[in-house]
Structures are given as structure tokens and as C-alpha cells.
Amino acid sequence: HSKEKVPTSSRTRVDQLDHAQELLNHRNQQKRIPQEHIHARNHCGIMSGTAEAEVNPDGSTTFDESTKGDSGDAGSGDGESSTFEAVEIDDRTDPAIYLGIAVLVIGVIYICYILYRRRKQKSNRDMDFFSEIDGEKFNLKLPAAVDEYYEVKAKCEDQGWVPGEPPKNPEAAANGPHRVMAQALMKRCIADIPLVQHVQKESSGMNKLYSQSMCSVKQWRSYQNAEAMVSGEVEEVRAEADEIEPGWSQVIWRQAMQYHQMLKQRHEMEAKNMAAQAEKKRIEEAKVQAEKKKEADAKARVVAAEKAAQDLIKQEEREKASKSSFSSNNNGMKKGFLNSGSKKSK
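Using our numbering, read the sequence shown as starting at 1344 and increasing by one per residue.
Here it is, written out as C-alpha cells:
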């Protein structure tokens, strides 16, 4: 709402009308403000009140801000409410998000549990390996053939055998103490083969573990003791071989390995033959059981057929008996009926 002040001193009515028209045109030009500027001014609260237009004597017009009143506040409030609409925002969260988060957390926990179990199993295997090394893996003992050899040697020495002395004649070489000593030493050497193979197999692994500080001092000492015992046994067998026959120490272990392989193959063949015989016996027993069952089934079928035939014969006899009794009863009833009728007629 604007207030105009038009001078009325010495002007005529026509001049007043022309001047009023000019003021009206000027006001229309002033009102041509972009719509977005109006919105911005309304939003910032600049145009909260009404402006009063004042016309100067020279024809110019000025606008003065009036005091804010109830009408201005109401207009400003209406402008803001008409320009900006209140939008309600739904702050509720979709339950599917919570479900996805829960599934993700459970999956992470499960993966961590699986990794923990695998690590624990690996550590348990390592501990079992080291405990096996520390315990019975290298707790080796010499075979009983060693003591038997020394017993045979003592007996042969009592019979006059001299270490390192060759047999006097071929007969003594074939049946004398020399032959007995050679057999006893070869038996001892063959019995030592598994111990030698075991130490040779574990040697590289133990050396690697010790170089990487992955085994304890006690484990390493246990391995060293086993290796020293086996090495001493090998050298002692070679020395005994030279006492029985000079130069035999160079080939005795190779011969013992060959005999060991032959005996091992023989044992494997015997085990296979025994398994084959057991399987063959089982098959034969199964066949006998099948034949017995077949005969029993045949006898059962014969007995069942005979029983069925007897039941059928008995059933036929019962049917014949019932028919004959029914026919005799019918004849008697007719005869009595006729007799009673003739008596009544008389």
C-alpha cells in the first residue's frame, strides 16, 4: 500500500491529470521486477512491511519503508507460506536395511570362526608333530637279533672259532661255525634295515627344522641319539663282517637290503594269497548258503502247496456235507408238511 503526495499549488486540472498519468506509468515501470527477486526478498524477510511512495515536486518518486505492522507481518507470512510449502520428510528406516546389516554381521562372524578353527587345527597338527618327535618317534631300540648274534658268537668261540681266520676246508665252511656266524650276522643286518631307513627318511626334515629353529633342544638331542645309535650299529656290523670274512663289510649292507626287499615281497605275496584265499572261502560259503536257502525255499513251497491242497480238499468235503444235510432237511420238511395238511382235511 503506497501513499501519494501530489502538489496542487498553481497547476491546472489538465496538468494535474497529465502528471497523475505520468506517475501511474512510472509506478508500473517500478513494479516490473523479476518474479525470482520477489521470492528471494520474501524468503530473506526483506520485504516484511509495505513501502510508501512519495512524489517529489520535480516529478521523481521515492519509496520509504514504513514501520512493520500486523498487516506487513501477515503479508510476509502469507508470502512465505505461498512461496514455500512445508514438506513432511519420512524419517523411518526400511526394515530390510536392518536385516541386511544383521546378515552381514553374522556372515563376518561365521568367516572369522572358520578361520579360527582352521588356525587352531593347524597349530594342533604342528603340536602333534613336535610331540611325536619329542616322544616315541626317535625312541628307537635295537632288534633282538643283535643279542642273538652275540649269543651265537659266544657259542662258536667256545667251539674253537677264531675271528678273522678263514675255514680250513669246504666242509667246515658249509657246516662249521663260520657258516653259523655268517647266517646270524646277516639276520642281524636284515633286522637293522628298518631302523636305518627310518633315520635316513627323517634326517633331512630334522636338519631343516633345526636350521630354522623350529624344534627344541630336547627333540634335536633325541634325534641325534637315535642317529648315533644307528650309525654305531652299522659300523659294528661291518666290523663283525670283516671278522667272519675279510672284505665282506663292503657288500653286507647291500646284500641285507636285497634280502630285506625279497622278504618284504614274500610277506606281501603271502598276505595277498591269504586275502585271496579268505575271499575265495567267503564266496564258496556264500554259494553254499545260497544253495541251502534255495533248497529250503523249495521245501517251503512244497509244504505250502500240500497244505493248500489239503485245505482245499477239506473245504470241498465241508461243502458236500453241508449240501447233503440241507437236502435231507428239505425232504423231511416237505413230508411233514403234507402229512399235517392231510390230517387237517380229514
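All residues carry an ideal CB built from backbone N, CA and C; glycine is no exception. If you're wondering where the values come from, they're calculated on a predicted model, not measured in any experiment.
Look at residue i and residue j and say whether their C-beta atoms are less than 8 Å apart.
i	j	result
C1532	I1587	no
M1495	A1517	Residue 1495 is actually Val in this sequence, not Met. Result no, Cβ atoms of V1495 and A1517 do not sit closer than 8 Å.
V1573	L1538	yes
Y1566	F1481	yes
E1570	V1542	yes
C1558	V1523	no
Please look up how many angstroms separate the CB atoms of residue i and residue j, rounded, as I've assumed it's under 8 Å.
i	j	result
A1614	I1536	Incorrect: roughly 19 Å between the Cβ atoms, too far for contact.
P1486	A1534	4 Å
Going by CA-CA distance only, name the one from the options that's closest to residue i.
i	options	result
A1582	Q1555, A1363, A1525 and A1517	A1525
G1503	Q1658, V1539, N1368 and G1519	G1519
H1521	A1584, S1547, N1371 and Q1620	A1584
L1606	L1655, K1530 and S1556	K1530
A1576	E1628, K1463 and K1484	This sequence places Glu at residue 1576; Ala is not what is there. Looking at the Cα atoms, K1484 is the closest of the given residues.
G1507	E1622, W1591 and A1619	W1591
R1597	Q1608, M1612, N1371 and V1580	V1580
N1568	S1546, I1444, K1551 and A1497	S1546
In chain order, what are the residue ranges of uninterrupted beta strand (DSSP E) at least 3 long that sit wholly in the region 1605-1642? none
In the region 1500-1557, which residue ranges form an unbroken alpha helix (DSSP H) of at least 4 residues, counting only runs that do not cross its ends? 1513-1518 and 1520-1554
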